[in-house]
Amino acid sequence: MNDQEDFDSLEPSEELTLLVPEDAAEAKLRLDAFVAKELNELSRGQIQKLIETELILVNGGVAKSSLRLKGGETVTVRIPASEPLDLKAEAIPLDVVFEDEFLIVINKVAGMVTHPGAGTNNGTLVNALLHHCQNSLSGISGVERPGIVHRLDKDTTGLLVVAKEDFTHRELAHQLALRTVKRVYRALVEGLVMDDRGTISKPIGRHPTKRKEMAVVEKGRSAVTHFEVIERYRNFTLLELRLQTGRTHQIRVHMAHMGYPVVGDLVYNRKSTGSEKARNKLGLEGHALHAARLSFVHPKTGASLEFSAPLPAGYQLLLESLRN
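In the working numbering, the protein residues as written are 2 to 325.
Spelled out as structure tokens, the structure:
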């Protein structure tokens, strides 16, 4: 589904029942916010459309998005059937770390967009997956993002999991919402981070004037990043970072806000390495942010899975040069 999808002509393919917690009134919990928290795979726009088309009901009745819940209500969510995919499968090589009939874990390269969007219709991870998986991807995220449970920025490398069918997709999204999916990143940042470890808890939202960028803003969504220093160099620091939340560009925004932007970040790095010229000089194909480890519980088998991916070659060579 995408935010502008017309749900009116679709028959519901599944019905989910959610129980509102008893403290909802005290928390002043709205219907749309409650559903968004429970069903992390749906965007606010999608939820609004479902409510408008009476596919989300409270105690069996129609309700508005702004309804303040009292606690104890039953919320019924009817998920429309997936639309047929209208994307081109492309034979793009993939670094497959793990795969079975339910999901696939990919080590994404720099420069690859996760899914099609404005101005990008081909060459994405989704195009490659459609070819690799023979169109066997979940449809929950819609015609443009089949199978995509979470994403990595274009120039971020490393691990992400993709669902091949809807049950697996929903369960992985639920694990993300519960914060039981563990994601560990390695970032090389400009400047010397003096604290050996710490936590950045700053809300993130759209930049007030640069609409394509995110920023730390007072009324943004809660965002928490934990960091630990792995190694210090003359003017740089290698960090290990763990996401407690998963906001757009979270690590890049948090580190830039703290004065330690990610090396090679063309958007948020206003220092010496935030340009294509600097990237090329350093031997980087993207910015120096890598999703190094990923762990979650397999939705079908119940097995605890943990994966790791080495730093890209250029990133490793840069670190070796900084040590000399």
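From the three backbone atoms N, C-alpha and C, an ideal C-beta is built for every residue, glycine too.
Between the alpha carbons of Ser139 and Leu104 lies a gap of roughly 9 Å. For Gly159, the enclosing beta strand (DSSP E) stretches over residues 158–164.
Of the residues Gly73, Phe168, Arg324, the one whose Cα lies closest to the Cα of Ile231 is Arg324.
In this model, Glu100 and Val106 are separated by some 6 Å (Cα to Cα).
In terms of CA proximity to Thr157, Leu312 leads the group Gly73, Leu312, Gly260. Its chain contains Lys89, Glu91, Pro117 as the residues whose beta carbon lies nearer than 8 Å to that of Asn123, once the 5 sequence neighbours on both sides are disregarded; these appear in chain order. Under DSSP, Val36 shares a beta bridge with no residue. Annotation for Arg294: Val185, Ser309 place their beta carbon closer than 6 Å to its own, counting only its chain and skipping 5 residues before and after. Around the CB of Met195, fewer than 16 other CB atoms lie within 10 Å, so the residue is classed as exposed.
Met259 and Ser137 have their C-alpha atoms some 42 Å from each other.
Measuring C-alpha to C-alpha distances from Ala289 to each of Tyr316, Thr210, Val78, Leu68 identifies Tyr316 as the nearest. Annotation for Leu17: Val78 place their beta carbon closer than 6 Å to its own, counting only its chain and skipping 5 residues before and after. Pairing Ile93 with His151 gives a Cβ-Cβ distance that is not under 9 Å. The C-beta of Ala304 has fewer than 16 other C-beta atoms within 10 Å across all chains shown, which makes the residue exposed. Here DSSP, grouped into helix, strand and coil, assigns Thr210 to coil.
By the beta-carbon neighbour count (other beta carbons within 10 angstroms, threshold 16), Arg235 is exposed. In the DSSP assignment, Ala216 falls within the unbroken beta strand (DSSP E) covering 215–217.
Scanning its chain for C-beta atoms nearer than 6 Å, with the 5 sequence neighbours on each side dropped, one finds around Val225 the residues Ser202, Gln245, Thr246, in chain order.
The way I'd put it, the region 209–218 does touch the region 249–256; three or more beta-carbon pairs between them come closer than 8 Å. In terms of Cβ geometry, Gly287 and Gly148 do not form a close pair [threshold 9 Å]. When DSSP reads this structure, Ala292 sits in a beta bridge with Gly159, Tyr186. When the alpha-carbon of Arg243 is set against those of His291, Gly61, Ala164, Leu267, the nearest one is in His291. In the structure shown, Lys29 falls within a coil segment according to DSSP collapsed to helix, strand and coil.
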